[in-house]
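For reference, the structure is listed below as C-alpha cells.
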Amino acid sequence: MVEFCIIYDKVRFEEKELYDKARRRGLNTHIIDAKSISIGTNSKKNDLDLGDIVLQRSISHYRGLYLTACLEFLGFLVINSFKVGEICGNKLLTSIMLAKQNIPTPTTHFAFSSESLSNLINKTGFPLVVKPIVGSWGRGVFPLRDSEAANMIVELREEDDNPLSRIYYIQEMVKRPPRDLRCIVVGDRVVAAVYRYSADKEWRTNIARGGRTEEASITKELEDITLKAAKVVGGGVLGVDLMEDDTRGLLVHEINNTVEFRGASKVAKTDIANAIIDYSIEAARK
Ligand SMILES: Nc1ncnc2c1ncn2[C@@H]1O[C@H](COP(=O)(O)OP(=O)(O)O)[C@@H](O)[C@H]1O
Ligand SMILES: [Mg+2]
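Structure (C-alpha cells):
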C-alpha cells in the first residue's frame, strides 16, 4: 500500500483536507513538521519515516525548496520537485520561462538598481505594478500610478535587508475586470477554475486579501493555456493564475507551487484534495 507524507510548516485548511481525505481512504498517512527535520550528507532514505511519496506543503518558500532538495538527494519523490519549486517560487524565473515558451503573459521588466528602474520608468511611463520576486498572498504587490508611489517603494526597498529587494520586478498594469482566474492543475488536468473577485477598496484579488471566489467554466481556451503554462514550468500540482486583458484575452501572470485551494474548493465541483491524492498515488506507482 502507498504510504503518503504531507510536510508542512503551518497547518492550513489544505493540509488538513489532504490529511483527512488520505486517512479516510485508508492510506498510511504521515504529517510532518518541516521544522522538525534535519538531514546530512551521510543521511539515508530509511533514516526518515516518510513513506513513498512526499507532498511538500511548507509555506516558507526557502524552507520548502531546500528541504525538497535534501529529500530528493535522499531519493524521495517530492511533489512538487525542486526544479518546479525553484521556478514557480520566483516570479522573475517564471516570467522568463513563460515568455521563452510564448505563453501569453503580461509584459514585465527587471531592473537591477534604483537608477536602472528610474530609466526604465522614464521609457514605459505609468501605470505599472511592482512585485517582490519571491512572495505570495499579494504581499508587496503594489500598483504604481505615479512617480511619488515609485519613489516610496524604492526608498523602502533600498533600505531593507533582503538582497532580493534591490531587484525590481515591474509589470505593465493589465486592464482587467476586478477579478482574476485561479486554475488548479493536477498533473495533466485542470481540476478546478475559479474567478477571484477583489474585496471592497482592494485592488488585488488574492483570497488572503479578502477576495471571494466564484466558479468559472473550464473553457477549451482556458484549459489549453493553463496546461501549457503548467508544462513549461515542469508540471505537478500547481495553481495557474491568469488575468483577462481587455484586448489580448488570457494572460498567465503567476504559477503557484504550493497551491492553496480553500477558496476554490468552496465552489468547485471536483474534490481537489482527492484529485491531488490520486495524482500522488499514480506518481508513486510510476
Ligand atoms: N500586472 C497586473 N495588472 C493588474 N493586476 C495585477 C497585476 N499583477 C498582479 N495583479 C493583481 O495582484 C494580485 C497579486 O499578484 P500576484 O502576481 O499573483 O502575486 P502573489 O504571488 O502575491 O499572489 C493578482 O492576483 C492580481 O489581482
Ligand atoms: Mg497570486
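When the letters of the sequence shown are read in order and numbered with my numbering, they come out as residues 502 to 787. We put the beta carbon where it would ideally sit given N, CA and C, even for glycine.
Between residue i and residue j, which are expected to be in contact by the criterion C-beta below 8 Å, what is the C-beta distance as a whole number of angstroms?
{"i": "Ile685", "j": "Ala765", "result": "6 Å"}
{"i": "Ser699", "j": "Arg705", "result": "6 Å"}
{"i": "Met744", "j": "Asp681", "result": "5 Å"}
{"i": "Gly711", "j": "Glu722", "result": "Contact flag wrong, Cβ pair sits at about 29 Å."}
{"i": "Trp638", "j": "Asn543", "result": "Not quite, the Cβ-Cβ distance comes to about 38 Å (not below 8 Å), so this is no contact."}
{"i": "Ala730", "j": "Val760", "result": "Rounded, the Cβ-Cβ distance is 13 Å, inconsistent with contact."}
{"i": "Leu575", "j": "Lys545", "result": "7 Å"}
{"i": "Leu565", "j": "His531", "result": "In the sequence on display, residue 565 carries Gly and not Leu. That belief does not hold up - the Cβ atoms of Gly565 and His531 are roughly 17 Å apart, past 8 Å."}
Using the C-alpha atoms, what's the distance from residue j back to residue i?
{"i": "Tyr563", "j": "Ile756", "result": "16 Å"}
{"i": "Val692", "j": "Leu621", "result": "39 Å"}
{"i": "Ser666", "j": "Asn652", "result": "14 Å"}
{"i": "Phe577", "j": "Asp747", "result": "44 Å"}
{"i": "Val675", "j": "Phe643", "result": "13 Å"}
{"i": "Arg713", "j": "Ile588", "result": "27 Å"}
{"i": "Ala769", "j": "Asp701", "result": "23 Å"}
{"i": "Asp661", "j": "Ala523", "result": "42 Å"}
{"i": "Ile778", "j": "Asn547", "result": "23 Å"}
{"i": "Glu659", "j": "Gly641", "result": "14 Å"}
{"i": "Arg677", "j": "Lys517", "result": "34 Å"}
{"i": "Cys571", "j": "Thr720", "result": "39 Å"}
{"i": "Asp772", "j": "Asp725", "result": "21 Å"}
{"i": "Lys584", "j": "Leu728", "result": "18 Å"}
{"i": "Asn603", "j": "Asp550", "result": "42 Å"}
{"i": "Leu645", "j": "Ser539", "result": "42 Å"}
{"i": "Phe857", "j": "Asn663", "result": "Residue 857 falls outside the range modelled here, since the chain spans only 502 to 787, and no answer is possible."}
{"i": "Glu783", "j": "Gly527", "result": "16 Å"}
{"i": "Lys787", "j": "Lys511", "result": "30 Å"}
{"i": "Gly736", "j": "Leu657", "result": "35 Å"}
{"i": "Arg525", "j": "Ala709", "result": "29 Å"}
{"i": "Pro679", "j": "Val630", "result": "15 Å"}
Do residue i and residue j have their C-beta atoms closer together than 8 Å?
{"i": "Ala774", "j": "Val503", "result": "no"}
{"i": "Pro605", "j": "Arg749", "result": "yes"}
{"i": "Tyr669", "j": "Leu594", "result": "no"}
{"i": "Met598", "j": "Val738", "result": "no"}
{"i": "Thr608", "j": "Glu673", "result": "yes"}
{"i": "Glu715", "j": "Val695", "result": "yes"}
{"i": "Ile507", "j": "Tyr520", "result": "yes"}
{"i": "Asn758", "j": "Asn581", "result": "yes"}
{"i": "Thr569", "j": "Gly541", "result": "no"}
{"i": "Phe505", "j": "Ser718", "result": "no"}
{"i": "Ser615", "j": "Val579", "result": "no"}
{"i": "Phe762", "j": "Glu515", "result": "yes"}
Can you pull the DSSP bridge partners for residue i?
{"i": "Glu716", "result": "Val695"}
{"i": "Gln557", "result": "Ile508"}
{"i": "Tyr669", "result": "Ala612"}
{"i": "Val734", "result": "Val734 pairs with nothing; no bridge assigned."}
{"i": "Glu745", "result": "Leu751"}
{"i": "Cys684", "result": "Ala694, Val741"}
{"i": "Asp534", "result": "Tyr509"}
{"i": "Lys632", "result": "Tyr670"}
{"i": "Ile580", "result": "Leu556"}
{"i": "Leu645", "result": "Leu629"}
{"i": "Asn757", "result": "Gly740"}
{"i": "Asn603", "result": "In DSSP, Asn603 forms no bridge with anything."}
Exercise for review: Check whether the region 557 to 575 touches the region 520 to 535, taking contact to mean three or more Cβ pairs, one atom from each stretch, closer than 8 Å.
Suggested key: Counting C-beta pairs closer than 8 Å gives three or more between the region 557 to 575 and the region 520 to 535, which meets the contact rule.
Below 8 Å, can you find three or more Cβ-Cβ pairs linking the region 626 to 635 to the region 677 to 693?
Flag = no, the region 626 to 635 and the region 677 to 693 do not touch.
State whether the region 632 to 651 contacts the region 579 to 595, with contact taken as three or more CB pairs (one from each stretch) at a distance under 8 Å.
The answer is yes - the region 579 to 595 touches the region 632 to 651, with three or more Cβ pairs under 8 Å.
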